[in-house]
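> Chains as they are written, first to last, in the numbering used here: chain A, 1365 to 1608; chain B, 1365 to 1608.
Just so you know, even glycine gets a beta-carbon here, dropped at the ideal spot from N, CA and C.
This structure is a prediction, so every number in the text was calculated from the model and none was measured.
Protein chains: 2
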Amino acid sequence: MSLIPKTCHLHNQTHCGDCRLHALCLPLSLQIEEVGKLDDIVQRGRPLQKGDVVYRAGEVFHAIFAVRSGAVKTLSHSAEGDEQVTGFYLPGEIIGLDGIATGQHTNTAIALETSAICEIPFNRLEELSIQMPNLQRRFLQIMSRELASDQQLITLLSKKAAEERIAAFLVSISRRNQGRGLVGNEFYLPMSRSDIGNFLGLTIETVSRVFSRLHKAGIIQLDKKHVVISDMAALLDATAAEKF
Amino acid sequence: MSLIPKTCHLHNQTHCGDCRLHALCLPLSLQIEEVGKLDDIVQRGRPLQKGDVVYRAGEVFHAIFAVRSGAVKTLSHSAEGDEQVTGFYLPGEIIGLDGIATGQHTNTAIALETSAICEIPFNRLEELSIQMPNLQRRFLQIMSRELASDQQLITLLSKKAAEERIAAFLVSISRRNQGRGLVGNEFYLPMSRSDIGNFLGLTIETVSRVFSRLHKAGIIQLDKKHVVISDMAALLDATAAEKF
DNA sequence: CGGGTCATTGAGTCAGCTCAAGGCTCGTGG
DNA sequence: CCACGAGCCTTGAGCTGACTCAATGACCCG
Chain A
1365 MSLIPKTCHL HNQTHCGDCR LHALCLPLSL QIEEVGKLDD IVQRGRPLQK
1415 GDVVYRAGEV FHAIFAVRSG AVKTLSHSAE GDEQVTGFYL PGEIIGLDGI
1465 ATGQHTNTAI ALETSAICEI PFNRLEELSI QMPNLQRRFL QIMSRELASD
1515 QQLITLLSKK AAEERIAAFL VSISRRNQGR GLVGNEFYLP MSRSDIGNFL
1565 GLTIETVSRV FSRLHKAGII QLDKKHVVIS DMAALLDATA AEKF
Chain B
1365 MSLIPKTCHL HNQTHCGDCR LHALCLPLSL QIEEVGKLDD IVQRGRPLQK
1415 GDVVYRAGEV FHAIFAVRSG AVKTLSHSAE GDEQVTGFYL PGEIIGLDGI
1465 ATGQHTNTAI ALETSAICEI PFNRLEELSI QMPNLQRRFL QIMSRELASD
1515 QQLITLLSKK AAEERIAAFL VSISRRNQGR GLVGNEFYLP MSRSDIGNFL
1565 GLTIETVSRV FSRLHKAGII QLDKKHVVIS DMAALLDATA AEKF
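#1: Out of B/Asp-1382, B/Glu-1457, B/Gly-1543, B/Glu-1447, which has the shortest C-alpha to C-alpha gap to B/Arg-1432?
#2: Under 9 Å between C-beta atoms, does A/Thr-1567 make it to chain B?
#3: Evaluate A/Asp-1382 with the Cβ neighbour count: other Cβ atoms within 10 Å of its Cβ, from every protein chain shown; 16 or more gives buried, anything less gives exposed.
#4: Please list, in chain order, the chain A residues whose beta carbon lies closer than 8 Å to that of B/Pro-1497.
#5: Quick one: give me the first and last residue of the alpha helix (DSSP H) that B/Lys-1523 is part of.
#6: Between A/Ala-1475 and A/Asp-1559, which are expected to be in contact by the criterion C-beta below 8 Å, what is the C-beta distance as a whole number of angstroms?
#7: Run the CB neighbour count on B/Ser-1576, radius 10 Å, all protein chains shown included, and call it buried at 16 or more, exposed below.
#8: Can you tell me the Cα-Cα spacing of B/Ala-1602 and B/Val-1436, whole angstroms?
#9: Can you tell me where the alpha helix (DSSP H) with B/Thr-1570 in it begins and where it stops?
#10: Say whether the region 1409-1427 of chain B touches the region 1389-1401 of chain B, bearing in mind that this needs 3 or more beta-carbon pairs closer than 8 Å, one atom from each stretch.
#11: Return no unless some Cβ of chain B is closer than 9 Å to the Cβ of A/Gly-1548.
#12: Would you call A/Lys-1370 buried or exposed, if buried means 16 or more other Cβ atoms sit within 10 Å of its Cβ?
#13: For a test of the three-state rule: what should DSSP assign to B/Gly-1451, helix, strand or coil?
#14: Any C-beta of chain A sitting closer than 9 Å to the C-beta of B/Pro-1369?
#15: What runs of the alpha helix (DSSP H), each 4 residues or longer, lie entirely inside the region 1391-1420 of chain B?
#16: Identify whether A/Ile-1494 lies in helix, strand or coil by the three-state DSSP scheme.
#17: With a cut-off of 9 Å, does the C-beta of A/Phe-1608 fall near any C-beta of chain B?
#18: Could you tell me the boundaries of the alpha helix (DSSP H) in which A/Asp-1601 lies?
#19: Of all the CB atoms in chain B, is at least one closer than 9 Å to the CB of A/Val-1418?
#20: Quick one: Cα of B/Ser-1538 to Cα of B/Ile-1464, how far?
#21: For B/Val-1591, does the three-state DSSP call read helix, strand or coil?
#22: Between the C-alpha atoms of A/Ser-1393 and A/Arg-1502, what's the straight-line distance to the nearest angstrom?
#23: Starting from B/Leu-1436, follow its DSSP beta bridges and name the residues at the other end.
#24: Under DSSP, the beta strand (DSSP E) around B/Ala-1343 begins and ends at which residues?
#25: Would you mind giving the Cβ-Cβ distance between A/Ile-1494 and A/Asn-1549, rounded to the nearest angstrom? I have them listed as a contact below 8 Å.
#26: Taking the straight line between their C-alpha atoms, what separation do you get for B/Thr-1378 and A/Glu-1444?
#27: Interface residues of chain B around A/Asp-1446 at Cβ under 8 Å?
#28: Let me make sure I understand the geometry here. Which of B/Ile-1405, B/Arg-1384, B/Ile-1459 has the alpha-carbon closest to that of B/Ala-1430?
#29: Residues of the region 1507-1520 of chain B with a CB closer than 7 Å to any CB of chain A: list them in chain order, please.
#30: For B/Ala-1480, report the span of its beta strand (DSSP E) as first-last.
#31: Would a C-beta distance cut-off of 9 Å place B/Ile-1544 and B/Pro-1455 closer than the cut-off?
#32: According to the neighbour-count rule (16 or more other Cβ atoms, all chains shown, within 10 Å of its Cβ), is B/Ser-1462 buried or exposed?
#33: With DSSP as the reference, identify every bridge partner of B/Ala-1430, one or two as the case may be.
#34: Are the CB atoms of B/Thr-1466 and B/Phe-1425 within a distance shorter than 9 Å?
#35: Please report the Cβ distance between A/Gln-1448 and B/Ile-1518, rounded to the nearest whole angstrom; I am assuming they are in contact, meaning their Cβ atoms lie under 8 Å.
#36: Give a yes or no on whether 9 Å exceeds the smallest Cβ distance from A/Ile-1458 to chain B.
Okay, structure coming up:
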């Protein structure tokens, strides 16, 4: 059961072909008429508010979702009940892939701010993939990219110190914003310090201290969630601090 | 030395339909004639020896691989040159999925012991998937399962103490052996302490100390790489030690 | 203006790291 | 057959980066 109401607001009429995220999202590398067919199966709901759930762990998996605007975090729950933030998703990025293996979502996805989400029924997508090899390949690419980013996070958690983690996190947000045509060196973080800490395997105190340190070092400017990267080179250096 | 006899499963003639791993590997849920078609595209090479490379980071991606016998580790290299072990793969498991996104492998895969590997050319697999929706779905399942296991590892690295990590690691090996019809409470670890430490984000000293502790607690018996789990309940408890 | 949430900063503790020493096993060569 | 070296593993001792605990500040909303 999807939480997204089917009522259409004017804002929801954007078709895949017109969508500004066209070149980032699922339609990449499709022909124009193919985009039209994909567009036919995409369902666009009313914007979600901060804290609203896109899907919940344990729910039956029936669709994947594309973030059209706003931002979403995904969390998994361990057996003991504690939450692990497994990712932050920005416009053009796809969530819900975790449910394919078992037919149930293993993660929960929650809007971090007012967000528009496109819902793509999975069985329709599968059918379409059979007719459109480009779409099949694109979808596999997206899953594989997700694997690669999970593995980067694994390396981060396994090998990097707190400062390197935060620096890498900021660089990642910066690059993804840049990929969407925004400036790379200034942005608002849509998530709380606590989400960042959870994601990076740090406490919120450590996140806060590292932000302060980077600020004092003149690498970033910081006003609550508003970040300006004033010295990108130094920030990149900080993602891989020398060990000796 | 592996528990797996060197006689039957290393020879190259086994077809997917006859393979004992049939129900774990890619052919799961295929019809008999479909298995035959899959079998036609699978290439079986000569057994690899310990340390041999299955594929290397940076190589052009053209195939995925199934482990038929033995064991394989995958590693990614960070920009600074240090290696991160990202997974251990046992018979019936699929490696090489990391290359789909970019067309290049981002990981390196190395045999941990004498191993037989099936090579499945990716473009042939894609073609076959279009004809065989079951195969397409199965392949997506395998990728999704990989995502889920990466996310479990992320939680492990982000939230768990050394003892919980090792316990979870042993339970994982045990379960996967059991899934292949072996006993779950006794096995040889095909990887070194250093590989385990690297994988779990611990130093080899810590790995060694935790093994000793679990041994002294009567939970496992240990003779080099030969492990006997003598108290599975206690080991499971140790994967989620109470924090207060 | 009071209560709640989120963020910052400081002080002290500790799990796992580094450094160091020594043991076990296996292969090689005298 | 033993000596020797090279890996790999184990164990001990001390150090340290991030955690816990605690207090305070900033902001939002009713």
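The short version:
#1: Its Cα nearest to that of B/Arg-1432, the residue B/Glu-1457 stands out among B/Asp-1382, B/Glu-1457, B/Gly-1543, B/Glu-1447.
#2: No, its Cβ sits nowhere closer than 9 Å to a Cβ of chain B.
#3: The residue in question, A/Asp-1382, is exposed, as its Cβ has fewer than 16 Cβ neighbours within 10 Å.
#4: Here the neighbours are Glu-1490, Ile-1494.
#5: Residues 1497-1523.
#6: Contact doesn't hold; Cβ gap of about 12 Å is too wide.
#7: B/Ser-1576 should be labelled exposed.
#8: A straight line joining the alpha-carbon of B/Ala-1602 with that of B/Val-1436 spans about 27 Å.
#9: Here the alpha helix (DSSP H) through B/Thr-1570 covers 1568-1580.
#10: Segments in contact, no.
#11: The beta-carbon of A/Gly-1548 is placed no less than 9 Å from the nearest beta-carbon of chain B.
#12: Only weak support exists for where A/Lys-1370 lies, its pLDDT of 42 falling under 50; the value from the coordinates is given anyway. Counting the other Cβ atoms within 10 Å of the Cβ of A/Lys-1370 gives fewer than 16, which makes it exposed.
#13: Strand, per DSSP.
#14: Only weak support is given to the placement of B/Pro-1369: the predicted model assigns it a pLDDT of 41, under 50, and the value that follows is read from those uncertain coordinates. False, the Cβ-Cβ gap to chain A never drops below 9 Å.
#15: Qualifying alpha helix (DSSP H) stretches, in chain order: 1396-1405.
#16: Three-state DSSP puts A/Ile-1494 in a helix.
#17: Residue placement at A/Phe-1608 cannot be trusted, given a pLDDT of 46 that sits under 50; what the coordinates show is reported in the next sentence. Taking CB atoms only, A/Phe-1608 has no neighbour in chain B less than 9 Å away.
#18: Counting along the chain, the alpha helix (DSSP H) containing A/Asp-1601 begins and ends at 1596-1602.
#19: No - not a single Cβ of chain B is within 9 Å of the one on A/Val-1418.
#20: Those two C-alpha atoms are separated by around 30 Å.
#21: In the three-state reduction of the DSSP assignment, B/Val-1591 falls in the strand class.
#22: Straight through space, the alpha carbons of A/Arg-1502 and A/Ser-1393 are spaced by roughly 8 Å.
#23: The displayed chain sequence assigns Val, not Leu, to residue 1436 of chain B. The partner list for B/Val-1436 (beta bridge, DSSP) reads B/Tyr-1453, B/Ala-1475.
#24: Nothing about residue 1343 of chain B can be read from this structure; chain B reaches only from 1365 to 1608.
#25: In fact, because the Cβ distance is near 44 Å, the residues do not count as touching under 8 Å.
#26: Distance between the alpha carbons of B/Thr-1378 and A/Glu-1444 is about 43 Å.
#27: Within chain B, the residues whose beta carbon sits less than 8 Å from that of A/Asp-1446 are Lys-1523, listed in sequence order.
#28: Ranking the options by Cα distance to B/Ala-1430, first place goes to B/Ile-1459.
#29: For the region 1507-1520 of chain B, the set of residues with a beta-carbon nearer than 7 Å to any beta-carbon of chain A comprises Met-1507, Ser-1508, Arg-1509, Glu-1510, Leu-1511, Ala-1512, Asp-1514, Gln-1515, Leu-1517, Ile-1518, Thr-1519, in chain order.
#30: Where B/Ala-1480 is concerned, the enclosing beta strand (DSSP E) stretches over 1480-1485.
#31: Note that residue 1544 of chain B is Arg in the sequence shown here, rather than Ile. Inclusion of B/Arg-1544 and B/Pro-1455 in the CB contact set at 9 Å is warranted, their separation being smaller than that value.
#32: Note on residue identity: the sequence assigns Asp, not Ser, to residue 1462 of chain B. With 16 or more other Cβ atoms inside 10 Å of its own Cβ, B/Asp-1462 counts as buried.
#33: B/Ala-1430 pairs with B/Ile-1458, B/Cys-1482.
#34: In this structure, B/Thr-1466 lies closer than 9 Å to B/Phe-1425 by Cβ.
#35: The pair is a contact, with the Cβ atoms about 7 Å apart (cut-off 8 Å).
#36: It does not; no Cβ of chain B falls within 9 Å.
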